[in-house]
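S.K.: Be aware that the sequence shown starts at 7, since it is given in our numbering, and climbs by one per residue.
There's a structure below that I have some questions on.
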Amino acid sequence: MYDLNDWLSKPPKYTTFRINILRQFEHENLKKFLLKQSKELNCAENIPNFYLLRPDCLVIEQWPNDLKLEKGAKHVVVDALCAAAVLRGAHVFAPGVMGVPSGSQKGDIVDIYGDITGQCKRGLKVGYDGKKQYVGTGILKMTRNDLFENGVQPSGIAVHTLLPASRLPVINETLYPKGAILLQNLPSIVCGWVVNAQPNEVILDMCAAPGNKTTHLAEMSNNEAIIIALDKTQQKVAAIKNNYENHGITCINAYAFDSTKCFSEKSNGIDLGPPFPSNSFDKILLDAPCSGLGQRPQLLNKMTPKMLQSYKFVQRKLLKSAVEVLKVGGKLTYSTCTVTEDENEGIVSWALEMFPCLSLVSAEPLLGGPGLPNCGLTEQQRAMVQRFNPTDDSLRIVDPIYKDTIGFFIAQFIKTNPLQFSL
Ligand code: SAM
C-alpha cells in the first residue's frame with residue numbers, strides 16, 4: 007500500500023519538457039548549460055541524466071545524491087505555492103516572497119523556506135517561528151526595499167535558486183529559442199499522445215488556456231490539423247494566442263466562449279467560431295477544470311469539501327456539450343489533474359450511463375495505472391482508463407517513471423451513434 011498524502015507532499019523526481027517537434031532540438035545546449043551549473047555547484051562535471059522519452063518529451067533527472075550545497079547564512083520565507091515551485095526547480099519570483107531578514111543584501115546566499123500553514127505576514131523582518139519547510143538554497147537578487155518598501159508591486163526573480171531541496175535542476179525555457187521547449191508535466195504530455203492529432207482532423211480543445219495541450223496537438227499534426235481552442239475569457243485566449251504564436255503554429259483558432267454552451271442547433275458551421283452545430287468535430291479534448299489535487303508537491307491546501315463537490319457539475323455540463331458537437335465515429339478525450347473518484351471514474355460512469363451513444367475505448371498509449379476499483383467501472387473499463395498515482399500493479403504493470411508524476415486521469419470515448427439521452 008502507498009500513502010497518497012505522503013506522495014502528494016513530495017515533488018516528482020524528474021522534470022519533463024515538451025519539445026516542439028516543428029523546431030530543431032539541440033542536445034548540446036542543455037549539456038553545456040548543466041556543465042556550467044555543475045561548476046556553480048562545485049560538483050565536478052557530474053551532471054543530471056537527461057534523455058528523450060519520445061521525440062517530443064525530454065526527461066531530466068536530479069543532481070547526483072552526493073551533491074551538497076553549503077547552507078545559506080540567512081532565511082528567506084516564501085508562500086506555499088512558491089515553495090512548491092522551487093521544489094520543482096523554479097527560481098523565487100517576487101510576489102511569492104513573505105519575509106527577508108533586515109540587513110540582507112543582493113548577492114547573499116540564502117536558504118529558502120516555505121510557509122506551509124499560510125500564517126507568515128508579508129514583509130517579515132525577523133526569523134519566522136511558524137511551521138516552515140526548507141525547499142532550497144539560492145542567491146538573493148532583491149533587497150527588502152525592492153520587495154516590500156518602495157510602494158510598487160514587485161515582479162521578477164527575487165532569489166536565483168541554485169539547488170532545490172529536491173535536487174531537481176533549475177532550467178528555464180529561455181535556454182532555447184522561444185517556443186522550442188515547454189515545461190509540461192508528463193501525464194499532460196501523455197494526454198496529447200492519447201488525443202493523437204492527425205493532419206486535416208477537425209479538433210476542439212474545450213478548456214484550452216494557456217494552450218499547452220492545444221499546441222502539443224498542433225505540433226503532433228505537423229501544424230496541419232484544424233484546431234479550435236476555447237476558454238472563458240479574452241485574457242485566457244490571449245495566453246493561448248501568445249503560446250501558439252511563440253511555437254510558430256498557424257492551425258489554431260482561439261475564441262473566448264463558455265464551452266458549456268458551445269452547441270447550438272442554429273449554428274451554420276464551425277468557420278465563424280462557436281457555437282457549433284452537432285457532429286462538427288473528429289476529436290475533442292476536454293481537459294476539464296478540476297480540484298487540481300494531483301498537483302505535486304502540495305504543501306498547503308485550502309480546498310473546502312463544498313468546493314470539492316462543485317467540480318463534477320461543470321464537468322458534466324462540459325461533457326454534455328462535447329457529446330453534442332462530436333461527430334459520430336469521433337473520439338472524446340477527458341482528462342483532469344486531480345485524484346478524486348468523483349471527478350474521474352465517477353464522471354466516466356456517469357457519462358456512460360447518460361449517453362448510450364458513447365462507448366469507452368482504451369486511452370492508448372496506456373502508461374498510467376488503471377482506474378480505481380469499486381467506483382462504478384467494470385474491471386474491463388478500469389483497464390481502459392489511466393490514472394497517474396502510485397497503484398498496485400495487479401491490473402497493469404506501470405513503468406516507474408509514470409508512477410512518479412503529478413496525479414492525473416485520462417479516459418477516452420467514441421461516439422458510436424447520434425446523441426440520444428437515456429431516460
Ligand atoms: N488544457 C489547458 C492546458 O493544458 O494548457 C489547461 C486547462 S485548465 C485544466 C482548465 C481550463 O478550463 C481553465 O483555463 C479554465 O479557464 C477553463 N474553463 C473553465 N470553465 C470553462 C468553461 N465553461 N468554458 C471554457 N473554459 C472553461
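Idealized CB from N, CA, C, for every residue including glycine.
For clarity, every value in this text was computed on a predicted model and none was experimentally measured.
Looking at Lys318 and ligand 1, is the gap between the Cβ and the nearest heavy atom below 7 Å?
M.R.: Incorrect: Lys318 has no Cβ contact closer than 7 Å to ligand 1.
S.K.: Report whether the distance from the Cβ of Gly413 to the nearest heavy atom of ligand 1 is below 7 Å.
M.R.: Result no, Cβ not under 7 Å from ligand 1.
S.K.: Taking 7 Å as the line, does the beta carbon of Asn248 fall inside it for any heavy atom of ligand 1?
M.R.: False, no ligand heavy atom lies under 7 Å from that Cβ.
S.K.: With DSSP run on the structure shown, which of helix, strand or coil describes Asp288?
M.R.: In the structure shown, Asp288 sits in a strand (DSSP, three-state: E or B).
S.K.: Taking only heavy atoms of ligand 1 into account, decide whether any of them is closer than 7 Å to the Cβ of Asp293.
M.R.: Result yes, Cβ under 7 Å from ligand 1.
S.K.: Taking all protein chains shown into account, decide if Met309 is buried (16 or more other Cβ within 10 angstroms of its Cβ) or exposed.
M.R.: Answer is exposed; the Cβ neighbour count stays below 16.
S.K.: Which value, in whole angstroms, describes the spacing of the CA atoms of Pro216 and Lys247?
M.R.: Whole-angstrom Cα-Cα distance: 9 Å.
S.K.: Once the 5 residues before and after Val201 are set aside, which same chain residues still bring their CB inside 7 Å of it?
M.R.: Cβ within range, chain order: Leu223, Lys289, Leu291 and Thr339.
S.K.: Would you grab the beta carbon distance between Pro205 and Glu230 for me? Rounded to a whole angstrom, and I think it's under 8 Å.
M.R.: With a Cβ gap of about 3 Å, Pro205 and Glu230 count as contacting.
S.K.: With a CB to CB cut of under 7 Å and the five nearest residues on each side skipped, what residues in its chain are close to Pro61?
M.R.: Same-chain partners within the cutoff: Ile25 and Ile27.
S.K.: Measuring alpha carbon to alpha carbon, tell me which of Tyr317, Lys333 and Ala260 ends up nearest Thr422.
M.R.: Nearest C-alpha to Thr422: Lys333.
S.K.: Does Tyr340 get closer than 8 Å to chain C when you measure Cβ to Cβ?
M.R.: This model lacks chain C altogether; it includes just one protein chain.
S.K.: Quick check: Ser227 and Glu207, are their CB atoms within less than 8 Å of each other?
M.R.: Yes.
S.K.: Might you give, ordered along the chain, the residues of its own chain that have their beta carbon closer than 7 Å to the beta carbon of Pro436, omitting 5 neighbours on each side?
M.R.: Any answer about residue 436 is impossible in this case: the structure gives the chain only from 7 up to 429.
S.K.: Considering only heavy atoms of ligand 1, does any lie closer than 7 Å to the CB of Asn218?
M.R.: Flag set: Cβ of Asn218 near ligand 1.
S.K.: I'd like to know whether the C-beta atoms of Lys163 and His97 end up nearer to each other than 8 Å.
M.R.: Note on identity: in this sequence residue 163 is Ile, with Lys being the wrong assignment. In contact: Ile163 and His97 (Cβ atoms closer than 8 Å).
S.K.: Judging by CA-CA distance, which residue of Gly109, Asp135, Cys126 and Gly113 is the nearest neighbour of Leu146?
M.R.: Nearest of Gly109, Asp135, Cys126 and Gly113 to Leu146, Cα basis: Gly113.
S.K.: So, is Leu47 buried or exposed, given that buried needs 16 or more other C-beta atoms within 10 angstroms?
M.R.: Leu47 comes out buried.
S.K.: Would you say the beta carbon of Thr346 is closer than 7 Å to some non-hydrogen atom of ligand 1?
M.R.: No, the Cβ of Thr346 stays beyond 7 Å of every heavy atom of ligand 1.
S.K.: Could you name the residues of the same chain whose beta carbon sits closer than 8 Å to that of Tyr134, not counting the 5 residues immediately before and after it, in chain order?
M.R.: For Tyr134, where only same-chain residues beyond five positions count, the Cβ hits under 8 Å are His81, Val83, Met104, Gly105, Tyr119, Asp121 and Cys126.
S.K.: Distance check for Tyr261 and Thr239, CA to CA, integer angstroms please.
M.R.: Looking at the two C-alpha atoms, the distance is approximately 8 Å.
S.K.: Under 8 Å Cβ to Cβ from Asp117, same chain only, skipping five residues before and after it: list those, please.
M.R.: So the list reads Lys77, Gly78, Lys80, His81, Val82, Tyr140, Gly142 and Thr143, once near-sequence residues are dropped.
S.K.: For Lys138, report the span of its beta strand (DSSP E) as first-last.
M.R.: Start and end: Lys138 to Leu146.
S.K.: Please report the distance separating the alpha-carbon of Thr266 from that of Lys326.
M.R.: Distance between the alpha carbons of Thr266 and Lys326 is about 8 Å.
S.K.: Just checking Met212 against ligand 1 - is the residue's beta carbon closer than 7 Å to any of the ligand's heavy atoms?
M.R.: Answer for Met212: yes, Cβ within range of ligand 1.
S.K.: Should Thr221 and Asn249 be called a contact, given that it needs their Cβ atoms to be closer than 8 Å?
M.R.: Contact flag set, yes.
S.K.: Three or more C-beta pairs closer than 8 Å, one from the region 250-257 and one from the region 153-173: is that the case here?
M.R.: With a cut-off of 8 Å, the region 153-173 and the region 250-257 do not count as touching, because too few Cβ pairs lie within range.
S.K.: Three-state secondary structure (DSSP) at His97?
M.R.: Coil.
S.K.: Does the beta carbon of Ser194 fall short of 7 Å from some heavy atom of ligand 2?
M.R.: Ligand 2 is not part of this structure, which contains only ligand 1.
S.K.: At a cut-off of 7 Å, would you count Ala215 as near ligand 1, judging by its Cβ distance to the nearest heavy atom?
M.R.: Answer for Ala215: yes, Cβ within range of ligand 1.
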